[in-house]
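Those letters in the sequence shown? Residues -4 to 162, by my numbering.
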Amino acid sequence: MSDEPRVIRESLDVIKSWAYKEMVAEETTEDRFFRELGDTCAELRQAFAQNVGMSSQRVRVLVQLWREGETSHSDLRQALGLDGASVTRLIKELEASRLATRRLDPADNRYTLAALTAAGERMADDLERSHQTYQERLLADVTAQEQEAVLRILRRIRANMTNSENP
């Protein structure tokens, strides 16, 4: 059997690596700032869920139901930015784990309502405590003044985005 596919893959990996290094070498300060900000946000979205051994979507659904109480699939879809099929699949998984229940909305049977069971409430409460501890650990070496500085910068960027969208 030929090693040709492996050699081609390895060559492409080397080229991609070189191209990325060249791209990064030519980055402006603004490019680096937004790349780091985006990379950090993407990592944060996944890190806590991995820390507790769940998918980030499952964590988000549990917490949303814990905070809002019984909620329609449609409202969950909007609040979490998920498609309907994903919400249904996640709620069915939580239901199979006895963490949530589903029922038709008595006011409009076109809608399905989801709510946490007592076990789901306990799990969401545990997640909230774990999340607080996780955040404290992440910010252990970041002073309150540094945190406030980052928040001010993020607010300024948001304001600049709004101003540039509405000239």
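Glycine is no exception: its CB is placed at the ideal position from the N, C-alpha and C atoms. The model shown is predicted, which means the values in this text are computed figures rather than measured ones.
Item: Of the listed residues Ser67, Glu131, Glu123 and Arg124, nearest to Ala102 (C-alpha basis); Value: Ser67
Item: Glu22 versus Ala119 - alpha carbon distance; Value: 42 Å
Item: Beta carbon of Ser81 nearer than 8 Å to that of Gln52; Value: yes
Item: Where Gly115 falls, given that 16 or more other Cβ within 10 Å makes a residue buried; Value: buried
Item: Cut-off 8 Å between Cβ atoms - residues of its own chain near Leu99, not counting five sequence neighbours on either side; Value: Tyr106, Thr107 and Leu108
Item: Identity of the residues DSSP links to Leu99 by a beta bridge; Value: Thr107
Item: Cβ pair Arg97, Ile86 closer than 8 Å; Value: yes
Item: C-beta atoms of Leu111 and Leu94 nearer than 8 Å; Value: yes
Item: Minimum length 4: unbroken alpha helix (DSSP H) runs contained in the segment 24 to 111; Value: 24 to 47, 51 to 63, 68 to 75 and 79 to 91
Item: Among Arg147, Asn104, Leu146 and Asn46, the one whose alpha carbon lies nearest that of Gln127; Value: Asn46
Item: Option nearest Gly64 by Cα separation, candidates Arg153, Ala113, Gln140 and Ser125; Value: Ala113
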